[in-house]
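Reviewing the structure listed below.
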Amino acid sequence: GESVGLHLPTLSVQEGDNSIINCAYSNSASDYFIWYKQESGKGPQFIIDIRSNMDKRQGQRVTVLLNKTVKHLSLQIAATQPGDSAVYFCAESSTGNQFYFGTGTSLTVIP
Amino acid sequence: DSGVTQTPKHLITATGQRVTLRCSPRSGDLSVYWYQQSLDQGLQFLIQYYNGEERAKGNILERFSAQQFPDLHSELNLSSLELGDSALYFCASSSPWGSTDTQYFGPGTRLTVL
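So the protein sequences, as listed, match chains C and A. Using the numbering used here, the letters of the first sequence map in sequence onto residues 1 to 111. Using the numbering used here, the letters of the second sequence map in sequence onto residues 1 to 114.
Right under this line is the structure:
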């Protein structure tokens, strides 16, 4: 099957610092990637997506970077806030096929 | 609020029993996906329906089945339940319009098998 992995299972950052969450994927045919945030007791929430024809995409306080050469995806959160504490999943798919999710990185923001 | 609803929120049952989980997609979404999330695993894709037809199958056990009805709501049926079936079950929906297949998740059903 597909392999979507996260480099770090947990990450702790100080409030106000920037956070970087990394993700590796194995399918070079994957062309669509999504980052989800999952708070305790809730379903995953869409944060930002990127297609393989892009290297970078920015949202509100979040930036996703895609390096197709090394099959690596990262999520950058600027000025991390306590409300950003959650588990973050990356997901990848190739057009028309199912999504594969990583196991998640737990982000803890220290006030 | 994603617009996807799931019922019940919690379900406690015994081994060997059968349960049905229900999902209503966002208004206008034709695709429904079911996922299982265990404590030690990420989201495992089970099955996808599109406008009433099965479109993709993932790691779904033979004891599990699903369907999507004409009003587009979906049900996931879990039978002969085992302790290992205890997990969070998420439903997601996506729109056939637009340039992405972004999935929007419901709040999940927490199933506990005793």
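Ideal Cβ positions, reconstructed from N, Cα and C, are used throughout, including at glycine.
Under 8 Å from the C-beta of residue i: neighbouring residues of chain C
i: Gly106/A; result: Gly43
i: Thr5/A; result: Going along chain C, no residue has its Cβ under 8 Å from Thr5/A, so there is no contact; the nearest lies around 11 Å.
Best match in the options for proximity to residue i [C-alpha to C-alpha]
i: Tyr33/A; options: Gly52/A, Lys9/A, Asp85/A, Arg63/A; result: Gly52/A
i: Gly102/C; options: Tyr88/C, Arg57/C, Arg51/C; result: Tyr88/C
i: Gln16/A; options: Phe45/A, Ser80/A, Asp71/A; result: Residue identity differs from the one stated: residue 16/A is Gly in this sequence, not Gln. Of Phe45/A, Ser80/A, Asp71/A, the residue nearest in Cα terms is Ser80/A.
i: Leu107/C; options: Tyr32/C, Ala86/C, Arg57/C; result: Ala86/C
i: Glu62/A; options: His10/A, Asn77/A, Phe69/A, Gln68/A; result: Asn77/A
i: Pro8/A; options: Leu114/A, Cys23/A, Ala66/A; result: Cys23/A
i: Glu39/C; options: Asp1/A, Gly84/A, Leu114/A; result: Asp1/A
i: Ser95/A; options: Gly84/A, Val113/A, Leu72/A, Gln41/A; result: Leu72/A
i: Ile50/C; options: Pro111/C, Asn18/C, Leu66/C, Lys37/C; result: Leu66/C
i: Asn59/A; options: Phe69/A, Gln41/A, Gln68/A; result: Gln41/A
i: Asn53/C; options: Leu11/C, Tyr32/C, Gly41/C, Lys37/C; result: Tyr32/C
i: Val19/A; options: Glu54/A, Asp85/A, Leu39/A; result: Asp85/A
Same chain only: Cβ atoms within 8 Å of residue i, ignoring 5 sequence neighbours per side
i: Val62/C; result: Trp35, Ile47, Ile48, Leu75, Gln76, Ile77, Ala78
i: Phe99/C; result: Ile34, Ala91, Glu92, Ser93
i: Gly1/C; result: Its pLDDT being 39, under 50, Gly1/C is placed unreliably in this model, and the value from its coordinates should be taken loosely. Contacts found: Tyr100.
Contact list for residue i against chain E, beta-carbon separation under 8 Å
i: Leu21/A; result: Structure shown: chain E not included; protein chains present are C and A.
Cut-off 6 Å between Cβ atoms - residues of its own chain near residue i, not counting five sequence neighbours on either side
i: Ser3/C; result: Per-residue confidence for Ser3/C stands at a pLDDT of 48, beneath the threshold of 50, marking its modelled position as unreliable; no derived number is given.
i: Lys57/A; result: Ile47
i: Leu8/C; result: Since pLDDT at Leu8/C reaches only 48, below the 50 mark, its modelled position is unreliable, and no value is offered.
i: Leu43/A; result: Tyr35, Gln37
i: Gly3/A; result: Arg26
i: Phe64/A; result: Leu78
i: Asp23/C; result: In the sequence on display, residue 23/C carries Cys and not Asp. Contacts found: Leu6, Leu73, Cys90, Gly102.
i: His10/A; result: Arg110
i: Val59/C; result: It should be noted that the sequence gives Gly, not Val, for residue 59/C. Within the same chain, Gly59/C has close Cβ partners Ile48.
Partner residues on chain A for residue i, Cβ-Cβ distance less than 7 Å
i: Gln58/C; result: Within chain A, no residue comes near Gln58/C; the closest Cβ sits about 16 Å away, beyond 7 Å.
i: Phe101/C; result: Gly42, Leu43
Cut-off 7 Å between Cβ atoms - residues of its own chain near residue i, not counting five sequence neighbours on either side
i: Ser28/C; result: Lys71
i: Gly108/A; result: Gln6, Leu88, Tyr89, Phe90
i: Tyr50/A; result: Leu30, Ser31
i: Val109/C; result: Val13, Glu15, Thr80, Gln81, Pro82, Asp84, Ser85
Partners in chain A for residue i, counting only beta-carbon separations shorter than 8 Å
i: Phe89/C; result: Gly42, Leu43
i: Thr108/C; result: Ordered by position in chain A, no residue passes the 8 Å Cβ test against Thr108/C, which lies about 18 Å from the chain.
i: Thr63/C; result: Within 8 Å Cβ-Cβ: nothing; Thr63/C doesn't reach chain A, min ~18 Å.
i: Gly104/C; result: Gly42
CB of residue i within 8 Å of CB of residue j, strictly
i: Leu21/A; j: Glu75/A; result: yes
i: Phe105/A; j: Pro44/C; result: yes
i: Leu162/A; j: Ile12/A; result: Residue 162/A falls outside the range modelled here, since chain A spans only 1 to 114, and no answer is possible.
Interface residues of chain C facing residue i [CB-CB closer than 9 Å]
i: Leu66/A; result: According to the sequence as given, residue 66/A is Ala; it is not Leu. Simply none; closest approach about 14 Å.
i: Thr109/A; result: The premise fails here: Thr109/A is roughly 10 Å from chain C at the closest Cβ pair, so nothing lies under 9 Å.
Under 7 Å from the C-beta of residue i: neighbouring residues of chain C
i: Thr112/A; result: What Thr112/A touches in chain C: nothing, since even the nearest Cβ is about 14 Å away.
**Study point:** Length at least 3, wholly inside the stretch 53 to 104 of chain C: the beta strand (DSSP E) runs in chain order
**Key:** Those beta strand (DSSP E) runs which fall completely within the stretch 53 to 104 of chain C and span 3+ residues are 56 to 58, 62 to 67, 72 to 77, 86 to 93.
**Study point:** Start-end ranges of the beta strand (DSSP E) lying completely within the stretch 5 to 44 of chain A, minimum 3 residues
**Key:** List check, beta strand (DSSP E) in window: 5 to 7, 10 to 13, 19 to 24, 31 to 37.
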